[in-house]
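Following our numbering, the numbering of the sequence shown begins with 18 at its first residue and continues without gaps.
Don't be surprised by glycine CBs; every beta carbon is placed ideally from N, CA and C.
Written out below as structure tokens is the structure these notes cover.
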Amino acid sequence: MKQDPNNYWEQLERLEKLIRSSELKAGAIFSFHSLILGLFFDRFDQVSTIFSEGTVYVILALLWVLFVLVSIFFCFLCFKPQIEFKYDDNVFFYQDAAHAFGNTVEYTKRLMEVCANEDELFKQLGEQIHAESKIIDKKFKHVHNAIKFFGLSVLVVILINALYILQAYI
Numbered sequence: 018m019k020q021d022p023n024n025y026w027e028q029l030e031r032l033e034k035l036i037r038s039s040e041l042k043a044g045a046i047f048s049f050h051s052l053i054l055g056l057f058f059d060r061f062d063q064v065s066t067i068f069s070e071g072t073v074y075v076i077l078a079l080l081w082v083l084f085v086l087v088s089i090f091f092c093f094l095c096f097k098p099q100i101e102f103k104y105d106d107n108v109f110f111y112q113d114a115a116h117a118f119g120n121t122v123e124y125t126k127r128l129m130e131v132c133a134n135e136d137e138l139f140k141q142l143g144e145q146i147h148a149e150s151k152i153i154d155k156k157f158k159h160v161h162n163a164i165k166f167f168g169l170s171v172l173v174v175i176l177i178n179a180l181y182i183l184q185a186y187i
């Protein structure tokens, strides 16, 4: 059965959308943290009175800061490209296109050779799909961890507020 290169190109396009999606999610989480940290430091004088209520509030606040920092760390990991694969030079991989084939004429010649040979074309497209899939997998794992620690930080804030309210009325 003859293969259609459009299937490969469509898969690469879908993977690019997933990369953007993971980075958008990490950016949204990072924005929430920026907003919350900004509010915290803007109202630090008011919030600091809670810490004088007991050691448990200080411990919970430190736990909150830890969860926020870990979540932000995973957001940054999502934006940091991790390309540690060992493939032959690939005309469709941006780093190889920029550095592995010499000047524009040499790159264009190699690109035309690859596109003229179906086996080589499908091999290089398949390698590109594999590399992007691995990158996306890592990015979504980082986003998942960022969301998890963001949720934990929110739970700690809720716990601090609940304890403070309970203590005020008991």
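**Request:** From the DSSP output, in three-state form, read off residue 137 for me.
**Result:** helix
**Request:** Pull up the distance between the alpha-carbon of residue 120 and that of residue 26, whole angstroms please.
**Result:** 25 Å
**Prompt:** Where does the unbroken alpha helix (DSSP H) through residue 34 begin, and where does it stop?
**Reply:** 22-59
**Message:** Quick check on the DSSP output: the alpha helix (DSSP H) that includes residue 82 runs from which residue to which?
**Reply:** 72-96
**Request:** Kindly indicate if chain D contains any beta-carbon less than 8 Å away from that of residue 92.
**Result:** The chain labelled as chain D is not found in the depicted structure, where only one protein chain is given.
**Request:** Starting from the C-beta of residue 99, find all residues in its chain whose C-beta is less than 8 Å away, skip the five residues before and the five after it, and write them out in chain order.
**Result:** 152, 155
**Message:** Judging by CA-CA distance, which residue of 73, 40, 128 is the nearest neighbour of residue 96?
**Reply:** 40
**Message:** Taking the straight line between their C-alpha atoms, what separation do you get for residue 163 and residue 91?
**Reply:** 5 Å
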